[in-house]
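Structure first, commentary second.
Numbering (our numbering), first residue to last: -3 to 382.
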């Protein structure tokens, strides 16, 4: 769907109009993402949810990738070496533990050891000598190696498809046969989606029920991370139900809630799956059939938005970074908060459109202001719901 939608949409558009639309689209996406980050920062600074959380009650010490490795993975995924693999795999560096044995400690060339006397098991009055040699614990380091994860490389597919679509448009009549094939495939996929829509309500119920059953103790998690979750959800509600509709009114002079009613099905599926990639077919169907959006515009704007327009992820990462700083009692100055807003916007662009992808790119935000990346484990318990 990504390939056919982008290639056919761009190929049928004029190159100048396509370039203008691309600039407007990316500018709009970056602006809304920055708005979401700003809302999140204002709320987390005002509510201060980090005061209610206790770091000692969480498992810490998980090793995460550095910001440089995360950024390099993003660049590698932009240019996949194999398009077939990109449909189900993407680059992701892995950390391999390396154990270094320090050997036996020595003084003046002799190993350190001592003898102590332990009581005998059968006769406690008798003490037997026990030889003990002091051996320090081995040193554990981690080495970064190239690896893959079983997730679709959406970014690489979008860049490839957009490039091919632009070139097909410039080829004119010679590229028409391939454009027709893409259009036919796109329409066939949309018909499959139309049939699958009837089963989505059942899937949504079981998706949410499964996540709730996986929680060990919801009451304990609610007490310690409830204020943090309320902060994130409040930001999402303000951004999604106030700011974006207001921006819609200013640009189009139309009723935003009538437009939202047309995409209600896509919104419910996005809420249940937490995946913009999984929601893309339904969103495209709703825009074309319910809201009457131009097919060429929808085919271009939606795949790009599903890849780089992660407003919720950006808001979530900004709130999480400042929350972790509050838990560790770090005082962030204005410059560090601005750095968080910029890096959260940039990191959200590289996040995959799949559940919990924000945890992967959050390391970029944390390391930008010197926060401990191990503390990402603090928020894993409620990440699925946000």
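We put the beta carbon where it would ideally sit given N, CA and C, even for glycine.
For residue i, which three-state DSSP category applies?
i, result
"residue 138", "strand"
"residue 365", "coil"
"residue 91", "strand"
"residue 85", "coil"
"residue 145", "strand"
"residue 290", "coil"
"residue 321", "helix"
"residue 156", "helix"
"residue 306", "coil"
"residue 44", "coil"
"residue 326", "coil"
"residue 75", "coil"
"residue 182", "helix"
"residue 176", "helix"
Can you have a look at residue i and say buried or exposed, based on whether 16 or more other CB atoms are within 10 angstroms of its CB?
i, result
"residue 259", "buried"
"residue 327", "exposed"
"residue 156", "buried"
"residue 276", "buried"
"residue 76", "buried"
"residue 180", "exposed"
"residue -1", "buried"
"residue 167", "exposed"
"residue 159", "exposed"
"residue 250", "exposed"
"residue 170", "exposed"
"residue 191", "exposed"
"residue 296", "buried"
"residue 302", "buried"
"residue 46", "buried"
"residue 281", "buried"
"residue 172", "exposed"
"residue 242", "exposed"
"residue 188", "exposed"
"residue 227", "buried"
"residue 175", "buried"
"residue 152", "buried"
"residue 266", "buried"
"residue 15", "exposed"
"residue 19", "exposed"
Who are the Cβ neighbours of residue i in its own chain at under 6 Å, not counting the five residues just before and after it?
i, result
"residue 371", "320"
"residue 231", "35, 36, 39 and 311"
"residue 139", "92 and 94"
"residue 332", "365"
"residue 28", "307"
"residue 329", "none"
"residue 149", "73, 76, 82 and 86"
"residue 244", "252"
Identify the continuous alpha helix (DSSP H) that holds residue i and give its terminal residues.
i, result
"residue 81", "79 to 82"
"residue 243", "240 to 248"
"residue 260", "260 to 269"
Taking residue i and residue j to be in contact with their CB atoms under 8 Å, please state how far apart those CB atoms are, rounded to whole angstroms.
i, j, result
"residue 36", "residue 300", "The Cβ separation is near 23 Å, so there is no contact."
"residue 325", "residue 344", "No, residue 325 and residue 344 are not in contact; Cβ-Cβ is about 27 Å, not under 8 Å."
"residue 32", "residue 308", "7 Å"
"residue 86", "residue 73", "5 Å"
"residue 318", "residue 41", "7 Å"
"residue 262", "residue 279", "4 Å"
"residue 70", "residue 341", "Not a contact, Cβ separation roughly 14 Å."
"residue 223", "residue 80", "Not quite, the Cβ-Cβ distance comes to about 46 Å (not below 8 Å), so this is no contact."
Excluding five sequence neighbours on each side, which residues of the same chain lie with their C-beta closer than 7 Å to the C-beta of residue i?
i, result
"residue 146", "84 and 85"
"residue 234", "35"
Skipping 5 residues on each side, what residues in its chain have a beta carbon closer than 8 Å to that of residue i?
i, result
"residue 103", "Low per-residue confidence applies at residue 103: pLDDT is 47, beneath 50, and the placement is therefore not dependable enough to give any value."
"residue 22", "300 and 304"
"residue 283", "258, 259, 289, 294 and 298"
"residue 143", "87, 88, 89 and 90"
Between residue i and chain C, is there a C-beta pair that is closer than 8 Å?
i, result
"residue 297", "Protein chain content of the structure displayed is limited to a single chain, and chain C is not contained in it."
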